[in-house]
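Before any comments, here is the structure.
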Amino acid sequence: MLKFCIFATIVLLSFSSLMASLYGTGNLAVLSILLIGGDTITSLVYSTQRALQQSISRISLMGKNNGVAEITSQLPSMIGSIMAVPIIIYVGFFGAIVFAIFISIVSLVLLSRIHEQKMKVPTERSLKPKILVGGYLETFRFLKSNIKITLFIVTLNFTFVCLMVSNYLSPVYIYEIGGNAGDLAIVEFLYSIFAIISGLIIPRFMERWLSPALIWVFMVLFATGNILIAMYNSLSFFMIVQPLFFGLGNPSTRMLRNTFVMERIPHESSGKFFAGISLISNMVRVCIMIFMTSLINILPLQILWKINGALVLGAVILSVYLSQEIKKTGNFIKRKDEPNEKTS
């Protein structure tokens, strides 16, 4: 799947380059293809990495492994943020796309040298169409039989959902308050810095306190960042608040949520569960993005930031309710080796 995602990135960049040569680099369709396509591929990569990590990690090391995964995933973002503006300035839009295609090809070649059979992870070649279709149907049946748990984890995923929405709001907002592409690159770089800090600190919290309550704290932190951005229409304020609150809120929530779920979902159910969670989260995200896009020319951006924060706060409230409902039933999905495990 990772190979497929890199190949899809190459195809996306090549198609975008062709569209840009025909209609111009500032064309809305070109930018939409890059944003939506890149967003979709990123979601697939995160889902694949999580499933792979679940397959090869020991339960006792999942917290630390999630921290390492967060740090390593942010390093390319830091490098990309540093390189983006100089590359666009000196080689232009098309040169930047060609460079990105080159990096993707190198990544694909390096990834191809990894022998997947040594990791004991099934490859795509072993999956026939009938198995894939049956797998999706089985996934839906699995989610339906565990509907409260599914909705609970989806609500904990709302920081990532709303972060993707904010990625569409940020460029427009920065332009509106007098910023440029360089300011956006700095914000992304600072976000990666705080995300790496989260990756270093959060695993230590997990050793003593891993519960939905800690996840809710960082979800509220993320929501607070959205509301603060809406309150102060300042570029310098935005460049401090967005990386700080988003860079601590979203990665911390992701690490805590993934570890919390990985420790409670049996390995034999993890594939179906994570595939379903990813599917539902992406559907919710697309609906929210359509809603926000339809309002971007109607309402001030400050209101859209407040809506984004309110969605996360609403998810926190709903997840608190669902957590109590799950506790009434007594447990998450039972492990074969831990039949009496309950939610924390």
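Here our numbering runs 452 ahead of the position in the sequence shown, where the first position is 1.
Heads up, the beta-carbon is just placed ideally off N, CA and C, and yes, glycines get one too.
So does the region 732-742 actually touch the region 694-709, counting three or more Cβ pairs closer than 8 Å? No: the two stretches stay apart, fewer than three of their Cβ pairs being nearer than 8 Å.
Sequence-distant residues of its chain with Cβ nearer than 7 Å to I583 (five each side left out):
Numbered from its first residue, the sequence shown carries residue 583 at position 131. Because the pLDDT of I583 is 40, which lies under 50, any placement of that residue in the model is unreliable, and the number read from its coordinates should be weighed accordingly. In its chain, beyond the 5 residues on either side, no residue has a beta carbon closer than 7 Å to the beta carbon of I583.
Next on the checklist: Measuring only the C-alpha atoms, how far is V606 from I729?
Outcome noted: Stepping through the sequence shown from its first residue, residue 606 is reached at position 154. Stepping through the sequence shown from its first residue, residue 729 is reached at position 277. Taking C-alpha positions only, V606 is separated from I729 by approximately 6 Å.
Pull up the distance between the alpha-carbon of S771 and that of V537, whole angstroms please. Position 319 of the sequence shown, counting from 1, holds the residue named residue 771. Position 85 of the sequence shown, counting from 1, holds the residue named residue 537. Cα-Cα distance, rounded: 40 Å.
Item to complete: Please report how far the alpha carbon of I553 lies from the alpha carbon of G547, in whole angstroms.
Response: The residue given as residue 553 occupies position 101 in the sequence shown. The residue given as residue 547 occupies position 95 in the sequence shown. Approximately 10 Å, taken between the alpha carbons.
*Once you ignore the five residues that flank L680 on each side, which residues in its own chain have a CB closer than 6 Å to its CB?*
Along the sequence shown, one-based indexing puts residue 680 at 228. Excluding sequence neighbours, L680 sits near V693.
Notebook entry, point to check: In or out: C614 buried (at least 16 other Cβ within 10 Å) or exposed?
Noted result: Looking up residue 614 in the sequence shown gives position 162. Under this definition C614 is a buried residue.
query = Does the distance from the CB of F690 to the CB of T611 come in under 7 Å?
reply = In the sequence shown, residue 690 corresponds to position 238, counting from 1. In the sequence shown, residue 611 corresponds to position 159, counting from 1. T611 sits away from F690, with the two beta carbons spaced by 7 Å or more.
* **Rounded C-alpha distance that separates W668 from G677** => Position 216 of the sequence shown, counted from the start, is the residue given in the question as residue 668. Position 225 of the sequence shown, counted from the start, is the residue given in the question as residue 677. Their backbone Cα atoms lie some 14 Å apart in a straight line.
* To do: Helix, strand or coil for N685, going by three-state DSSP, please let me know.
  => As a working note, residue 685 is residue 233 in the sequence shown. In this structure, N685 counts as coil in the three-state DSSP scheme.
TODO: Using the Cα positions of M658 and A521, report the straight-line distance between them to the nearest angstrom.
DONE: Indexing the sequence shown from 1 puts residue 658 at position 206. Indexing the sequence shown from 1 puts residue 521 at position 69. Taking the CA atoms as reference points, M658 sits about 15 Å from A521.
Excluding the five sequence neighbours on either side, which residues of its own chain have a C-beta within less than 6 Å of the C-beta of I648, listed in chain order? Here residue 648 is taken as the residue at index 196 of the sequence shown, counted from 1. Within the same chain, I523 and Q526 come within 6 Å of I648 by CB-CB distance, once the 5 residues on both sides are set aside.
Original post:
With a CB to CB cut of under 8 Å and the five nearest residues on each side skipped, what residues in its chain are close to G634?
Top reply: For this step, residue 634 is matched to residue 182 along the sequence shown. Excluding positions up to five away in sequence, the list reads V537.
Requested in this report: Return the Cβ separation of L763 and I748 in integer angstroms, given the expectation that the two are a contact with Cβ distance under 8 Å.
Outcome: Along the sequence shown, read from residue 1 onward, the residue named residue 763 stands at position 311. Along the sequence shown, read from residue 1 onward, the residue named residue 748 stands at position 296. With a Cβ gap of about 16 Å, L763 and I748 do not count as contacting.
### Task
Mark R737 as exposed unless 16 or more other C-beta atoms lie within 10 angstroms of its C-beta, in which case mark it buried.
As a first step, residue 737 must be located in the sequence shown, where it is residue number 285. Burial check for R737: the Cβ neighbour count within 10 Å reaches 16 or more, so the residue is buried.
- Does DSSP put E715 in a helix, in a strand, or in coil? Counting from 1 along the sequence shown, the entry for residue 715 is found at position 263. Here E715 carries a coil assignment [DSSP, helix/strand/coil].
Fill in: Residues near L756 in its chain [Cβ-Cβ closer than 7 Å; skip 5 each side]
Numbered from 1 along the sequence shown, position 304 holds the residue referred to as residue 756. Counting only residues of its own chain and dropping the five nearest sequence neighbours on each side, L756 has a CB closer than 7 Å to the CB of L621, M744, L747 and I748.
Check your understanding: Start and end of the alpha helix (DSSP H) containing S663?
Key -> Taking the first residue of the sequence shown as position 1, residue 663 is located at position 211. Here S663 belongs to no alpha helix (DSSP H), and DSSP marks it neither H nor E.
(message) Mapping the DSSP letters down to three states, classify L751 as helix, strand or coil.
(response) For the purposes of this step, residue 751 is identified with residue 299 of the sequence shown, where counting begins at 1. In the three-state DSSP reduction, L751 falls in the coil class, being neither helix nor strand.
Exercise. Among N632, N760 and P528, which has the Cα closest to the Cα of M616?
Worked result: Working through the sequence shown from its first residue, we reach residue 616 at position 164. Among N632, N760 and P528, the Cα nearest to that of M616 belongs to N760.
message: Using a 10 Å radius around the Cβ and a threshold of 16 neighbouring Cβ atoms, would you call Y684 buried or exposed?
response: Along the sequence shown, read from residue 1 onward, the residue named residue 684 stands at position 232. Answer is exposed; the Cβ neighbour count stays below 16.
Assuming M714 contacts S650 under a Cβ cut-off of 8 Å, what Cβ separation, rounded to an integer in Å, is found between them?
In the sequence shown, residue 714 corresponds to position 262, counting from 1. In the sequence shown, residue 650 corresponds to position 198, counting from 1. Between M714 and S650 a beta carbon distance of about 18 Å is seen, past the 8 Å cut, so the two are scored as non-contacting.
Check: Cβ of K600 within 7 Å of Cβ of I769?
Finding: To locate residue 600, count along the sequence shown from 1; it is residue 148. To locate residue 769, count along the sequence shown from 1; it is residue 317. The Cβ atoms of K600 and I769 do not sit closer than 7 Å to each other.
According to the neighbour-count rule (16 or more other Cβ atoms, all chains shown, within 10 Å of its Cβ), is P695 buried or exposed? Residue numbering aside, residue 695 sits at position 243 when the sequence shown is read from its first letter. Buried, by the Cβ-count rule.
Between V801 and L753, which are expected to be in contact by the criterion C-beta below 8 Å, what is the C-beta distance as a whole number of angstroms?
-> The structure shown does not extend to residue 801, since the chain is modelled only from 453 through 796, so no value can be given for it.
| Cβ-based neighbour list, F670, same chain, cut-off 6 Å, excluding 5 preceding and 5 following | To locate residue 670, count along the sequence shown from 1; it is residue 218. Within the same chain, F670 has close Cβ partners G701, S704 and T705.
| For G699, which residues from the same chain have a beta carbon less than 8 Å from its beta carbon, with the 5 sequence-adjacent residues on both sides left out? | As a position in the sequence shown, residue 699 is number 247, starting the count at 1. Same-chain partners within the cutoff: L642, Y643, S644, I645, F646, A647, I649 and S650.
Buried or exposed (CB count within 10 angstroms, at least 16 for buried), T711
Here residue 711 refers to the residue found at position 259 of the sequence shown. Answer is buried; the Cβ neighbour count reaches 16.
Assuming the contact rule is C-beta atoms closer than 8 Å, E628 and S529 should be a hit. Round their C-beta distance to whole Å, please. Here residue 628 refers to the residue found at position 176 when the sequence shown is read from its first residue. Here residue 529 refers to the residue found at position 77 when the sequence shown is read from its first residue. Contact between E628 and S529 does not hold, since their C-beta atoms are separated by about 24 Å, which reaches or exceeds 8 Å.
| task | Note down, in chain order, each residue of its chain lying with its Cβ closer than 8 Å to the Cβ of I534, except the 5 sequence neighbours on either side. | result | Here residue 534 refers to the residue found at position 82 when the sequence shown is read from its first residue. So the list reads A637 and F641, once near-sequence residues are dropped.
>> Just to confirm, is the Cβ distance from L608 to R716 under 7 Å?
In response: Here residue 608 is taken as the residue at index 156 of the sequence shown, counted from 1. Here residue 716 is taken as the residue at index 264 of the sequence shown, counted from 1. At the C-beta level, L608 and R716 stay beyond 7 Å of one another.
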